[in-house]
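Residue numbers (our numbering): 2 to 506. We put the CB at the ideal spot given by N, CA and C, even for glycine. These figures come from a predicted structure and were not determined experimentally. Comments concern the structure below.
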C-alpha cells in the first residue's frame with residue numbers, strides 16, 4: 002500500500018472515531034443537574050420547630066395588619082431598610098429594602114451591585130388576606146330581649162355554618178389622632194379573649210334548624226347581654242367621630258384595648274377571628290391544625306426564605322430578588338393593595354429608574370428574563386372524598402410543595418415553567434407534588450395569571466397543600482411549612498442558573 006493510501010486510511014479511521022464520539026460531545030454540552038448538599042437547616046427537628054414558630058406567629062398576629070407589622074419588624078431585625086412609596090427612591094443603592102402599602106401589603110427585595118436588567122428578577126408573590134368577618138361601617142344593632150348584637154359583613158364567603166359556635170375575638174387597625182393632631186395607626190386585638198359568638202339553633206326545633214340560613218338576619222354575632230339600658234355616653238364620648246355608629250360599650254372596649262380615649266378614635270377597620278390557638282395534632286403530631294392557613298402560610302414561608310437566603314449569602318451580587326405579599330386576593334385582587342395594584346412592577350421600575358435613563362425599556366428587558374412564583378395554598382387529598390380528586394394529582398402531607406396546573410388558564414404554569422421548577426427542585430433536593438382538578442370540577446384562581454399578564458414574566462403557580470380550605474380552621478402537614486421555606490430558598494438560589502439553559506424559550 003502506498004504512503005498516500007496509508008494517509009487516507011488513517012484519515013478515514015480518525016474521521017470514523019470522531020463521528021462515533023460526536024454524540025458524546027453533544028451530550029456533554031447539556032449540563033446535568035447536580036443536587037446540592039443540604040445545609041442542615043431543615044432537619045426533622047428543625048422542621049418541627051418551624052411549625053411551632055408558625056403556630057405562634059399566626060396566633061399572635063390575628064389580622065392582616067398584625068401580620069404586615071410582624072413582617073416589618075422581622076425585616077428590620079435582619080437589616081432590611083424601610084423605604085416609603087411616598088418618598089423619593091433616588092438614593093436607593095444595592096442592598097436590602099422593603100416597602101408597605103396600606104398597612105396590608107408588602108414588598109421586600111434584595112438587589113446586588115452587579116445586577117443588570119438582562120439578568121432578570123426572581124420573585125415570589127403570595128397573599129396575606131384570609132377569609133374573615135368585618136364590622137360594618139355602622140355596626141349598631143337593636144337589642145333582642147337583652148342580647149347585644151354586632152353588625153358584620155362576610156369577607157370572601159364567611160358567616161356560613163363553619164363560623165357558627167366559634168370563639169371569636171376582635172382586632173384590626175384604629176386610626177388615632179395624637180397630641181399633635183396627626184392621624185396614626187394603632188393595632189388592637191382581644192386575644193386570648195373571645196368577644197363574639199354566632200349561635201346555631203338546636204336540632205330540637207326541627208325544620209328551622211336545618212337551613213338554608215340568611216346571613217344577614219340569622220348569622221348575627223352575640224357580643225353581650227344586659228337586661229337594663231346602661232349605655233349612657235358621657236359628653237366627651239358623644240363628640241367622638243364614631244359615636245352613634247357603634248355601641249358605646251364596643252367603643253369603650255376597643256378604646257381600652259388601645260389605651261386611648263373613645264373620642265380619639267377617628268376610624269377603624271376591625272374584624273372577627275377565631276381566637277383559638279393552632280396546635281400540632283395526629284398520633285405523631287404530623288399535622289398543624291390552625292386558623293388562617295390560607296394564606297398566611299405561603300406568605301410566611303416566602304418572607305423567611307428571602308431573609309434566610311440573604312443571611313446565608315446565597316444571593317449573588319448579580320441577582321435581584323423580590324417578594325410581594327398582597328391583600329384582597331380572596332376578593333379578586335383589584336385594589337391598590339392587591340396583586341393587580343402593581344406593587345412588584347412599581348418596586349422594579351423605581352429601582353431601575355435610579356440607574357437607567359430609559360428605565361421603562363430596562364423594565365421590559367428585566368421582566369422578559371424573569372421568573373415569578375405565584376405561591377398559594379392548594380388542596381391536600383381528603384381521604385373521605387378521594388373520588389373527587391384527579392388520579393395522580395392529589396398531594397399528600399409532609400411532602401412539600403405542590404405545583405398547580407390548569408389547562409384553562411386559571412393557573413399560570415406552562416410546560417417550560419414546569420420543567421424549570423422540576424430542575425430547581427432536583428438541584429435543591431426537594432420533592433414535588435402536582436395538583437390539577439378533574440374535568441368535572443370547578444377550578445379556583447390565584448394571582449399567577451394577573452402577575453404574568455401585567456409584567457410579561459413567566460409565572461409558575463405552586464404552593465403548600467392543606468385540608469379544609471376556606472374553613473375557619475384548617476390542617477397542613479407539620480413539616481410542610483419548613484419544606485416550603487426550603488423550596489423557596491432553593492428558588493432564589495438557583496433559578497437564574499437553571500433558567501440560563503432554556504435559551505429564548
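Since residue 379 sits in a beta bridge, which residues does DSSP pair it with?
466
In terms of DSSP beta bridges, what is residue 97 paired with?
111
So is residue 1 buried or exposed if we call it buried at 16+ other beta carbons inside 10 Å?
A query on residue 1 cannot be resolved here, the shown segment of the chain reaching from 2 to 506 and no further.
What distance in whole Å lies between the Cβ atoms of residue 499 and residue 374, which are believed to be in contact at a cut-off of 8 Å?
Incorrect: roughly 13 Å between the Cβ atoms, too far for contact.
Determine the extent of the alpha helix (DSSP H) in which residue 259 is found, giving its start and end residues.
Per DSSP, residue 259 belongs to the alpha helix (DSSP H) from 249 to 259.
Tell me the residue span of the beta strand (DSSP E) that contains residue 267.
Taken as a continuous stretch (DSSP letters only), the beta strand (DSSP E) holding residue 267 covers 266 to 275.
Since residue 85 contacts residue 326 with CB under 8 Å, what's their CB separation in whole angstroms?
At roughly 17 Å, the Cβ-Cβ gap does not stay under 8 Å, so residue 85 and residue 326 are not in contact.
Would you kindly work out how many angstroms separate the C-alpha atoms of residue 339 and residue 446, rounded to a whole number?
14 Å
Whole angstroms are fine: how far does the CA of residue 310 sit from the CA of residue 495?
Going from the Cα of residue 495 to the Cα of residue 310 covers about 11 Å.
By the 10 Å Cβ neighbour count, where 16 or more other Cβ atoms means buried, how is residue 284 classified, buried or exposed?
exposed
Should residue 50 go down as buried or exposed, given a rule of 16 or more other Cβ atoms within 10 Å for buried?
Its Cβ having fewer than 16 others within 10 Å, residue 50 is exposed.
According to DSSP, is residue 173 helix, strand or coil?
In the structure shown, residue 173 sits in a strand (DSSP, three-state: E or B).
In angstroms with no decimal places, state the Cα-to-Cα distance between residue 130 and residue 344.
16 Å
Going along the chain, which residues of its own chain have a beta-carbon closer than 6 Å to the beta-carbon of residue 220, five neighbours each way excluded?
160 and 199
Which value, in whole angstroms, describes the spacing of the CA atoms of residue 117 and residue 323?
15 Å
Is residue 409 buried or exposed, if buried means 16 or more other CB atoms sit within 10 Å of its CB?
exposed
Which two residues bound the contiguous alpha helix (DSSP H) that contains residue 509?
With the chain represented from 2 up to 506, any question about residue 509 goes unanswered, as that position is not in the structure.
Look up residue 357 in the DSSP assignment and say whether it is helix, strand or coil.
coil
With DSSP as the reference, label residue 155 as helix, strand or coil.
strand
What separation, rounded to the nearest whole angstrom, lies between the Cα atoms of residue 355 and residue 103?
24 Å
Tell whether a beta-carbon distance below 8 Å holds between residue 222 and residue 258.
no
Compute the beta-carbon to beta-carbon distance between residue 113 and residue 138, rounded to the nearest angstrom, for a pair I have assumed lies under 8 Å.
Wrong, their Cβ atoms sit about 47 Å apart, outside the cutoff.
Let me check understanding here. Comparing Cα to Cα, which of 467, 296, 77 and 239 lies closest to residue 397?
467
Please state whether DSSP places residue 188 in a helix, a strand or coil.
strand
Give a yes or no on whether the minimum CB-CB distance between residue 267 and chain C is below 8 Å.
In the structure shown, chain C does not exist; there is a single protein chain.
Reducing DSSP to helix, strand and coil, say where residue 127 ends up.
strand
Tell me the rounded alpha-carbon separation between residue 332 and residue 350.
27 Å
Between which two residues does the beta strand (DSSP E) holding residue 438 run?
It is not in any beta strand (DSSP E) - residue 438 carries neither H nor E in the DSSP assignment.
According to the Cβ coordinates, are residue 54 and residue 318 closer than 8 Å?
no
Pairs of beta-carbons, one from the segment 141 to 155 and one from the segment 237 to 249, closer than 8 Å: are there three or more?
yes
In this structure, how does DSSP classify residue 497 when only helix, strand and coil are distinguished?
helix
Going by C-alpha distance, which of 280, 236 and 346 is nearest residue 123?
The residue with the shortest Cα to Cα distance from residue 123 is 346.
Should residue 334 and residue 448 be called a contact, given that it needs their Cβ atoms to be closer than 8 Å?
yes
Give me the Cβ distance between residue 136 and residue 153, rounded to the nearest whole Å; I'm assuming they're in contact under 8 Å.
About 6 Å; that satisfies the 8 Å criterion.
Just to confirm, are residue 393 and residue 491 a CB contact at a threshold of 8 Å?
no
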